[in-house]
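To keep things clear, I will list the structure first and then write my remarks on it.
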Amino acid sequence: MLFRINILLLALLFTSFSSANNIKQFKDSFSSQVKKQLKAYNIPGGAYAIVQNDTIISMKTFGHTDKAKSQQVDYNTVFRLASVSKTFAATVTTMLAQEQLLNLSDPITKYVPSFSLATDGAAQKIQLKHLLSHSSGLMPNAYDNLLHENWTMDKIIGRFDRITPICQPEKCYGYQNIAYGLLEPAIEGSQNKSYAKLLQDRVFTPLNMTNASLGIDVYKKKQNTAKPHILRKRVKTGRKDAQGRDIRQYVWRTVEVAPDYYKVAPAAGVNASISDLAKWLIANLGHKPEVLSPSLLAEITTPRIRTKKDLRRRFWRGHLTDAHYGYGWRIYQFEGHPIVYHSGWVAGFRADIGYSPDLDIGFAIVINAESNAINKISSQFWLQASSVFDKKLAKRTKS
C-alpha cells in the first residue's frame, strides 16, 4: 500500500513539474512571437499580461511611448482602452441594478427624455439592457461620424429622431457607441455622482487599479502615457515573404490624442496601464468576489444576442464555433472553450482583453498604433493557451 502511495505521489509531482515546464515554454515562446509581430509592423510600443487564477504569470512591455523613443513603455504606462471601456460601463450599470438603484428594464427615455426615433413609440421600447447588449434595434454605429465632426452629445442625440429602427429590440445586433454613451445619465442619475467618481469608487480603487482613469483631461495630465500613432505609409523593402508577396515597412505618424470618443465615456472613455488590466482580468475571473460578485459576473457574461459576423473575423475564423454579446462583453466559443472578450480601437490605439472561465486564464494587450497585428497576437494566444492550460486535453495527449 505504501509503495502504491509513493508511486502516486511521484506521478503527481511529475505531472505538476511537466505542466509548469509546459507553461514556462509557452510563456517564453509567446513573448518571442509578440516581439516578432510588433517588429514586423514597426509598432512603436505595447504591453501584454497573462494571468492564471489570481496571479499575474507574465507581463511584458515593448518599445517606447512614441516613435521618437523618448520614453520606454513600462507596466504603468497608460494607454487608451477605446471600446474595452464598455466592459467597465456594463459592470457598473449591472452593479447598480443588482443593488436596485436602477432597473435594466428602464427605458432610456427615463434618463434621456429628449431621445426619440422616427417611428412613434420606438424610443420608449429601448431599455438599458438593450444598450448594454447592442440589441436596441438601431442601425450599427449610429451617428459615430458626427463625433469626428466635433458635434456635442446633445446635438447628436437630437438627430436620432431621423432614424427608423431596423428591428425590434432584442431581435438583431447593431454595435453602438453613441447609444452606449446614453448609459452615463442613467448611471449618474441613480447615485447622484459622476460616472468617473463611480468608476473610481466601485472599480478602480477597490481593485487597486492605480493608473486607471476616465476622460481626456486626466489622460493629458499624466506623465507616463503612450502617444497615439496612425499609419502614414507602407514602404517597399525589396524583400518577399514565403508566399512571394512584397514585404512592406509600416511608417507611423505620432498624433495628438483625439477628444471625439471621449464624449461617449461608457463606450470609450477609460485609460489604463497593462498592470491595471491584469487586475481587471483577475477580478473578472472571479478572484475578487468582494468587488465583482459571482452573480454580477454571471449576469454580464450571459449571452444576450448572437453576433454571427464575428465568426468570420480574420485570424479567429476556423476557431470560433459561436459568438454572442452579453453586457459589455463578447462571448465566444473558441476551440471548445467559452472566452469572454472585447477589443478596442480608437485613433492611434488598439486594445484586446479576454479571459476563459474554464481554463482560469486571461490575456490583455495594448499597443499605441492602429495595427491589425493585435488580432493575430490575440488569436495566437488563445489557440496556444487552449491546449497548454487545458488539463483534460493534456491528459488525452499523454494517454
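Heads up: the sequence shown runs through residues -20 to -1, 1 to 379, numbered per mature numbering (1 follows the signal peptide of the UniProt record, and there is no 0).
For every residue, glycine included, the Cβ atom is placed at its ideal position computed from N, Cα and C.
- Buried or exposed for Glu304, please, with buried defined as at least 16 other CB atoms from any protein chain shown within 10 angstroms of its CB. Rather than Glu, the amino acid found at residue 304 in this sequence is His. Result: buried.
- Task: Buried or exposed for Leu(-11), please, with buried defined as at least 16 other CB atoms from any protein chain shown within 10 angstroms of its CB.
- Result: Because Leu(-11) carries a pLDDT of 39, less than 50, the predicted location of this residue cannot be relied on, and no value is offered for it.
- Task: Reducing DSSP to helix, strand and coil, say where Tyr153 ends up.
- Result: Annotated three-state conformation of Tyr153 is coil, per DSSP.
- Message: What would DSSP say about Arg182, mapped onto helix, strand or coil?
- Response: Looking at Arg182 - three-state DSSP - the assignment turns out to be helix.
- Message: Short of 6 Å in beta carbon distance, which residues of its chain neighbour Thr89, apart from the five on each side in sequence? Order them along the chain.
- Response: Non-local C-beta neighbours of Thr89 in its own chain, meaning closer than 6 Å and more than five positions away in sequence, comprise Phe95, Ala103, Gln104, ordered along the chain.
- Based on the DSSP output, what are the partners of Ser193 in its beta bridges? Bridge partners of Ser193: Asn251.
- Inter-residue CB distance, Leu276 and Gly342 (contact presumed, cutoff 8 Å): Contact doesn't hold; Cβ gap of about 17 Å is too wide.
- Message: Tell me which residue opens and which closes the alpha helix (DSSP H) that Gly342 is part of.
- Response: Careful: Gly342 lies outside any alpha helix (DSSP H), inside the beta strand (DSSP E) at 341 to 347.
- Item | Run of the alpha helix (DSSP H) containing Ser275, from where it starts to where it stops | Here the alpha helix (DSSP H) through Ser275 covers 274 to 280.
- Query: The alpha helix (DSSP H) spanning Val31 covers which residue range?
  - Reply: First-last for Val31: 25 to 32, but that is the beta strand (DSSP E), not the alpha helix (DSSP H).
- Item | Cα-Cα separation, Glu168 to Val198 | Near 19 Å, if we compare the C-alpha coordinates of Val198 and Glu168.
- Message: Please state whether the Cβ-Cβ distance between Val183 and Val72 is less than 8 Å.
- Response: Cβ atoms of Val183 and Val72: closer than 8 Å.
- Task: State buried or exposed for Glu129, treating a residue as buried only when at least 16 other CB atoms are found within 10 Å of its CB.
- Result: Counting Cβ neighbours within 10 Å, Glu129 comes out exposed, since fewer than 16 surround it.
- Message: Considering just the uninterrupted stretch of the beta strand (DSSP E) at Ile319, what are its terminal residues?
- Response: 317 to 326 is the extent of the beta strand (DSSP E) around Ile319.
- Item | Span of the beta strand (DSSP E) around Thr99 | Counting along the chain, Thr99 falls outside any beta strand (DSSP E), and DSSP gives it neither H nor E.
- Per DSSP, which one or two residues make a beta bridge with Ile269? Before going on, a small fix: residue 269 reads as Pro here, not Ile. Note: Pro269 is not bridge-paired with any residue in the DSSP secondary-structure output.
- Task: Measure the CB-CB distance between Met133 and Lys243 and report whether it falls below 8 Å.
- Result: A distance below 8 Å separates the beta carbons of Met133 and Lys243.
- Task: My understanding is that Asn2 touches Ser255, with C-beta atoms under 8 Å, so please give their C-beta distance in whole angstroms.
- Result: Wrong, their Cβ atoms sit about 26 Å apart, outside the cutoff.
- Tell whether a beta-carbon distance below 8 Å holds between Ile210 and Val237. Contact flag unset, no.
- Measure the C-alpha to C-alpha separation of Pro165 and Ala349 and round it to an integer number of angstroms. Straight-line Cα distance between these residues: approximately 32 Å.
- Below 8 Å on the Cβ atoms is my guess for Pro149 versus Ser115; work out the distance and round it to an integer in Å. About 6 Å; that satisfies the 8 Å criterion.
- C-beta contact flag for Tyr241 and Val326 at 8 Å: In this structure, Val326 lies closer than 8 Å to Tyr241 by Cβ.
- Message: Any contact between the region 36 to 53 and the region 68 to 83? By contact I mean 3 or more CB pairs, one from each, below 8 Å.
- Response: The region 36 to 53 vs the region 68 to 83: no contact.
- Item | Alpha-carbon to alpha-carbon, Phe295 and Arg219 | About 24 Å.
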